[in-house]
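Heads up, the thing below is written out as structure tokens.
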Amino acid sequence: MTMTLTSPATVRARIAVIDVMRGLVMLIMLFDHVRETVFLHHQVGDPMTASSVDPALFFTRLAAHVCAPMFVFLTGLSAWLYAHPAAGPRSAAGFLFKRGLLLIVLELVFVNFAWSGAFPPAVLYLQVIWVIGLAMMALAVLHRLPLKLLAALGVAIIAGQHLLTGLHAEEGSLAYYLLTLLLQRGYLVADGAMKIKVSYPLLPWIGVIVLGYAASPLYARTVAPAARRRWLLALGGAALLLLAILRGWNLYGETLPWVADETAVRTLMSVLNFTKYPPSLDFLLFTLGLGLLGLAWLESVDNGFTRACATFGGAPMFYYLLHLYLLLAIGMTLTALLGANHGNRYGVEHIWQVWLLALLLMPVLYFPCRAFANYKRTSKQAWVRYF
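Be aware that the sequence shown starts at 263, since it is given in the working numbering, and climbs by one per residue.
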């Protein structure tokens with residue numbers, strides 16, 4: 263890896279591109295969350311039913327697949343940067359553990375209310391913020407391991423998870439709860455006034471955050487931008503090449519094999535129809551491969567859009583909570599004004615209306631996020647850095 267001294271401007275660009283990518287995936291996520299607000303009557307499974315789902319809906323959902331893996335990967339990368347400031351190395355254990363615990367609390371209280379509009383909700387969903395919190399707490403313990411060992415551990419977890427998919431346990435046993443938490447989406451509590459469902463099994467996400475941490479020395483001050491870009495292109499390209507081999511011949515890494523359909527579009531949809539809950543090896547090769555190529559590309563791009571993405575990416579938790587509560591208000595307002603035309607909620611009829619609403623919401627979200635990001639940069643309050 264080529265090493266060189268870097269200027270302050272290069273250092274800022276090196277860090278800024280992380281916020282740009284984080285902000286970009288958060289904006290892509292907005293399309294999917296708008297879909298879940300006003301288009302939920304058109305359900306999609308996991309994996310989707312490629313032979314019948316509308317192609318526009320399929321590719322909208324597919325684009326959103328990149329969001330969670332890259333966000334978790336960048337969380338690991340950011341943890342390494344926290345542990346290696348200009349003043350010298352420091353332990354990230356306390357920061358990771360406390361922030362992980364905060365994310366779990368936010369998921370249980372504020373995020374679940376934002377999705378359901380009820381407190382307590384009928385079903386408590388343990389979703390992406392919960393799993394990021396637990397993954398950060400795991401990384402708080404693991405990050406002291408040598409980086410090569412962390413990289414091997416991340417690969418072993420992600421690639422080896424499919425060897426465990428045949429495991430089963432009696433419902434109500436300790437093994438059942440462990441499998442549900444780690445590998446198998448399902449209910450921890452299936453009866454009673456409030457059910458608890460694990461939507462994001464933990465184990466593969468530990469692999470992703472560990473890989474992010476292990477890859478983070480690419481963003482060290484001593485790494486030349488050109489060398490970093492070559493590494494990112496090589497790693498991203500290798501991931502997609504491996505995906506092409508594994509998926510092309512239905513060898514390994516995905517439970518649902520692809521099949522040739524009547525049209526090229528449907529066949530392509532079948533090929534790209536990956537499992538997210540938990541994320542399969544093929545799912546992560548696809549999403550992280552694209553994400554690494556995106557990081558390589560974005561480092562040389564500086565325009566109004568990327569600067570806006572960096573603003574969103576600089577206040578990720580603030581953005582996440584803000585957009586969920588804004589969508590909750592929009593959903594309730596539309597239902598009150600226009601009526602519940604799909605179950606107990608209002609829904610639009612066409613996917614283009616989802617895209618339009620998401621695009622209209624971006625500038626609405628931008629200004630409060632910019633104000634908070636500015637406050638975050640200047641504030642000395644300890645709590646601010648967790649958002």
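Glycine included, each C-beta is placed from N, C-alpha and C at the ideal position.
Residue range of the unbroken alpha helix (DSSP H) whose run includes residue i
i    : result
Y438 : 436–444
W511 : No alpha helix (DSSP H) contains W511, which DSSP labels as neither H nor E.
W617 : 613–640
S313 : It is not in any alpha helix (DSSP H) - S313 carries neither H nor E in the DSSP assignment.
P347 : Element bounds for P347: n/a, residue is neither H nor E.
V470 : 465–477
W377 : 374–378
T595 : 578–600
Reduced DSSP secondary structure (H/G/I, E/B, other) of residue i
i    : result
L388 : strand
H424 : helix
R491 : helix
R607 : strand
V367 : helix
V485 : strand
E432 : coil
G362 : helix
R406 : coil
H295 : helix
H327 : coil
F321 : helix
W651 : For the chain, the structure presents residues 263 to 649; residue 651 sits outside this window and is missing.
T525 : coil
W520 : coil
F333 : helix
A650 : Nothing can be reported for residue 650, as the shown portion of the chain is limited to 263 through 649.
G454 : coil
L339 : helix
F574 : helix
G395 : helix
G499 : helix
V282 : helix
G416 : helix
M265 : Any answer about M265 is weak, because its pLDDT of 39 lies below 50 and its placement is not dependable; what the coordinates show is given next. Correct three-state label for M265: strand.
V300 : helix
Terminal residues of the beta strand (DSSP E) in which residue i lies
i    : result
Y449 : 448–451
V460 : 457–460
Cβ neighbour criterion (16 or more within 10 Å) applied to residue i
i    : result
E516 : buried
I507 : exposed
R284 : buried
W614 : exposed
G601 : exposed
A591 : exposed
D453 : exposed
H430 : exposed
R569 : exposed
K642 : exposed
Q423 : buried
T549 : buried
H303 : exposed
R490 : buried
P463 : buried
S340 : buried
H405 : buried
N535 : buried
Reference residue i; option with closest CA among the options
i    : options                : result
M531 : D316, V279, R297       : D316
K410 : V287, G474, L465       : G474
A533 : T525, A486, W520, R632 : Before going on, a small fix: residue 533 reads as Val here, not Ala. Of the candidates T525, A486, W520, R632, the one whose C-alpha sits nearest the C-alpha of V533 is W520.
L618 : M288, D281, V279, L292 : L292
F335 : L627, P408, A477, G422 : A477
A325 : M594, L286, V610       : L286
Q446 : P466, A455, F580       : P466
D544 : H327, H295, H303, V296 : H327
G609 : V300, V385, V470       : V300
G593 : V296, L622, P408, S353 : V296
T573 : T537, L440, F649       : F649
P309 : E433, G566, L518       : L518
T595 : H585, F567, C631, R607 : R607
L386 : V367, L401, F629, V626 : V367
C571 : Y628, V472, A522, H604 : Y628
V393 : R632, P541, W559, G566 : P541
V470 : L599, A414, L319       : A414
M332 : A437, H346, G575       : G575
F320 : C329, V306, A330       : V306
Closer than 7 Å: residue i CB and nearest the ligand SAH heavy atom
i    : result
N603 : Annotation note on the ligand SAH: not contained in the displayed structure, which lists no ligands.
Which complete alpha helix (DSSP H) runs does the region 532–567 hold, if anything under 4 residues is left out? 543–560
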